[in-house]
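To convert, note that position 182 of the sequence shown is 184 in the working numbering; the numbers rise steadily by one, no gaps. Please read the structure below before turning to the comments.
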Amino acid sequence: MRSHDDIKPPSSWLRFFRWYCRAEYAEDIEGDLVERFEIRVSKHGAKQAKRRFRADVLKLFRPSMIKKLEGNQKLNYYGMFKHNFKITIRSFAKYRSTFIINLLGLSTGLASALFIYLWVQAEMRMDKFHEHDEQLYQVMLNHEESGKINTKDGTQGLLAAALEEEVPEIATAIQATPTHWFGQMPLSTEDKTIKAIGKFADPAYFEMFSFPFIQGEPKTALKDKGSIVISNSLATRMFGSPEAAFGQTIKWQLLHFTDEYKVAGVFKDLPTNTTDDFEFVLAFDKFRDILPPGAIHWGNYNSETYVLLAEGTNVNALNAKLKSFVKDKIDWSNVEPFVRPFSDRYLYTKYENGVQAGGRVEYIRLFTVVSVFILLIACINFINLSTAKASTRAKEIGVKKAIGAKRNSLAVQYLQEAVLMTVISVIVAIGLVILLLPQFNQITGHQIRLNFDLQLIYILIAISVITGLLAGSYPAIFLSSLKPVATLKGKLNVSFGETWIRKGLVVFQFVLSVILIASVLIVTKQIEYIQKKNIGYNRDNLVLFANDGKIADDFNAFLLELQNIPGVVNAGGTTHTIVSGGNFTTGFHWEGENPEVQTQFGNMTVTYDFIETLGVEIIEGRSFSREFSTDKDKLILNEKAIEVIGYEDPIGREVNLWGDKMMIIGVVKDFNFSSLHEDIIPMFFKLDNTFTFNILTRIQAGNESNTLNRIAELYKTYNPEYEFDYSFLDQEFAKQYRAEQRISKLTKYFGILAIIISCLGLFGLTAFTIERRLKEISIRKVLGSNAWSIVTLLNKQFSILVLLAILIGLPISYWATKEWLNGYAYKIELQWWFFVLAGALTLLIAWLTVSIQTFKTAKLNPAKSLRTE
């Protein structure tokens, strides 16, 4: 690893400083900049030091520090700028229609790009606020199973302590439980009970993660097993204020486990840019107490592990070292640990065969490309309209050249015009963003604010300059190259190459539109497919609520009363919420198993009637039944599990689960009990009501409200002080695909905007084409052409360009959408008609846009346009 002395300031930024800074200040200020850089490297690391160095160089870029312009000839740059500015404003006023079309196109494109930038920034900031972000990592496990590698975040309960003790590169290691394991848990004081989301964590949790405390000390708050740490809002709800809450006693309950805890700390409410979601934290030692005896061992995964790396640690070398860490503990293990940055867990969630393969970051890349597409389309509009109206400005250019104007000064004028147009468009775009930001936040689920910090100001300046130069460079070169003699005679000869550049830009514009239309269509179809797909059970009218309070003390009696309520079809208990999956274990063994291949099985602990309530189809054997007293040592497997163990006649066969003999009594049809992003895995049901955190109830359709009221009344008879909180399973299922639903909406909106901008350009280009051919059209009408033949003639040239764009865009859209669909284990088949429809819509939109102008022109009286001849 390089020492601090080897780390130098960014050379390009240092050269920029030397270029603009006055000579009398340069040496002293450069020394100060370098000295501050070295101090920051030692305190904050190279990455932050370089970022601040760049900011310092930009802050110094001001009039008092910039060198004076010198040369043999003193030029009045201000006067030239003022003159060009006046001409630009007059040009905007003279050619209003072009100005309005360009303003609408550029401002809409820039607003879209700004929205996407703000969204990307919000996504990139998730979990980045922790003080030790650069050293904070999560331990992941690669499981080698049946020739494939599956990556999981669940780790063994013994792993954290072993890593901290045996691996010097790891300064601190802790374990914690994910919040979705338990959902909301009741917390009570003498006069009230509130349900809140909590987790269990090691004492160093608040030292590792930056959740600031209002009351108490982060270092010691969880050292006592009898302590609880709560959020500011929870403290206010329970005690009136954080100060009043500190030191108070709270009663906690989870199923039949209950205890009292002293409030040892109050932390600020979690920020919006965190993936964590909890309101209180208990000591992990308490979680160990409620686990069954012997549950914590190297073959059981009952926590998540986080580590703080020592400074200077080479992560790649550490991961190579960790590969055999678990295998050195137990010979039969198929698990290889590795660490990933904690802040990557939001964006980089997808692993294929043990290798990171994307995740939400793919959406960031997608919309970054979309924003570039939209800006390019807006710039192409500007280029096409500017070159198309060259004939109207030809004499202006000719006169200027005749009296001595140089080509480069004319080019500067038109570039200045483009940059000014972009600046006006940026101002309008900012107004649009401010106006529409609340609606945008509803779609994205973020709390985005438009803060005009230095970074955003630099981005806006960069966008204005780059977009202005991009949009204005070709028109400036084209217009400044016109010959003065020809233009003063009214002759404007456009070369074959220039014509094809303009046509090529139109084609490129509509290629992007075709890709966006096809993408919107296929993303929408995939989301609909996910929501309607048969996942192996009927998720309609399934109500999910917690097994808490006194219900847990007399669960079986409650379940029987629940089943007797009119409108309740059936009810049962389960460990997890079904959609979030169950537990996983490698403690499942069978006769004929290959000892060198380890397989992870899903494990769902359930009660009687759960399988019937869920509606999973039993294809062999039977379900759990109260008629058989020995069903607690029986298992029901899914089809995938039978395929893995290879039993042709599984009913009555014995397997080994955690050292105990168990008998297979049934086989259910495969169903999805996790995301459709993942394949179905082998799993089993086990009968046990010890850890049934959730109650699943199927109710009759048509009278849901009355049935829910009766369930609430029964719930209140057991827990009068609790609120009856429930959710429908189809809603929980839909939450898994909230990101895709948001992306689908964003894709639709930005796709529509891109098409509108394309049509604006085509509309303007059609208007100028008609203006140049107006006399030709009039003569054709005099000679007998009807309106439709005129419309067909004018539509033909644009139709050919759009058809060419469709032929180019459809293969690209097929490849792009196929790559996106590969991220799903279950996906739609790409049908030919998706792309035909996308092409047809593009052509139809283009025809409508052009026809509005052409039909209007075809109906004009030819005498009016020929009157001047």
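Just so you know, even glycine gets a beta-carbon here, dropped at the ideal spot from N, CA and C.
Residue i to residue j, Cα distance in whole Å?
i	j	result
S801	Q833	25 Å
E614	N572	7 Å
K721	E563	Here the sequence assigns Asn to residue 721, which means Lys is not the residue at that position. When rounded, the distance between both Cα atoms is 14 Å.
E166	D346	22 Å
L731	E680	19 Å
N152	E146	7 Å
T719	G825	47 Å
I232	L310	24 Å
T90	Q418	8 Å
A28	I468	29 Å
K150	Y828	18 Å
D651	N540	28 Å
R127	Q743	21 Å
N696	I830	33 Å
E32	F18	11 Å
Q733	V581	10 Å
I believe residue i touches residue j by the beta-carbon criterion, under 8 Å. Please report the beta-carbon distance rounded to the nearest angstrom.
i	j	result
T526	S746	6 Å
I772	K783	Not really, about 13 Å apart at Cβ, beyond 8 Å.
A840	L523	6 Å
I9	A48	5 Å
L434	S109	7 Å
F686	I638	6 Å
Given residue i, which residues of its chain have a CB within under 8 Å of its CB, disregarding the five upstream and five downstream residues?
i	result
A359	K352, Y353
Y22	F63, M67, I68, K69
Within a Cβ cutoff of 6 Å, which residues of the same chain sit near residue i, ignoring the five residues on either side of it in sequence?
i	result
L796	T856
I620	G668, V670
R655	Y649, I666
K76	For K76, the predicted model reports a pLDDT of 47, less than 50, meaning its position is unreliable and no value from the coordinates is stated.
R628	Y610
A769	Q855
M3	Any answer about M3 is weak, because its pLDDT of 46 lies below 50 and its placement is not dependable; what the coordinates show is given next. Excluding sequence neighbours, M3 sits near G314.
G159	I298, N304, S305
S373	A115, I118
Spatial neighbours of residue i within its chain, please: C-beta separation below 7 Å, excluding the five flanking residues on both sides.
i	result
K221	E209
V428	L112, L462, I465, S466
T315	E171
A741	R362
E245	Q217
K505	L803
Indicate the three-state DSSP secondary structure (helix, strand or coil) for residue i in the structure shown.
i	result
H134	coil
G648	coil
A359	coil
H258	coil
L368	helix
K663	strand
Q186	strand
L873	This structure leaves residue 873 out entirely; the chain is present only between 3 and 871.
Y348	coil
P568	coil
H578	coil
K253	strand
P343	strand
S66	coil
H591	strand
A573	strand
K270	coil
E192	coil
N410	helix
F282	strand
E614	helix
A95	helix
Checking contacts by CB at 8 Å: is residue i closer than that to chain B?
i	result
Y539	Structure shown: chain B not included; a single protein chain is present.
Any 3 or more C-beta pairs closer than 8 Å across the stretch 294–312 and the stretch 242–262: Short answer: they don't touch.
Any chance the stretch 369–386 sits against the stretch 752–768, with 3 or more Cβ pairs inside 8 Å? Pairwise C-beta distances place the stretch 369–386 in contact with the stretch 752–768, as three or more of them are shorter than 8 Å.
Quick one: any contact between the stretch 803–813 and the stretch 512–519, if contact means 3 or more CB pairs under 8 Å? Yes, since at least three Cβ pairs between the stretch 803–813 and the stretch 512–519 fall closer than 8 Å, the two stretches touch.
Tell me, please, whether the stretch 186–194 touches the stretch 543–555 by the rule of three or more beta-carbon pairs shorter than 8 Å. Yes: the two stretches touch, three or more of their Cβ pairs being nearer than 8 Å.
Does the pairing of the stretch 192–204 with the stretch 328–346 give three or more beta-carbon distances under 8 Å? The stretch 192–204, when compared against the stretch 328–346, does not touch it at the 8 Å Cβ threshold.
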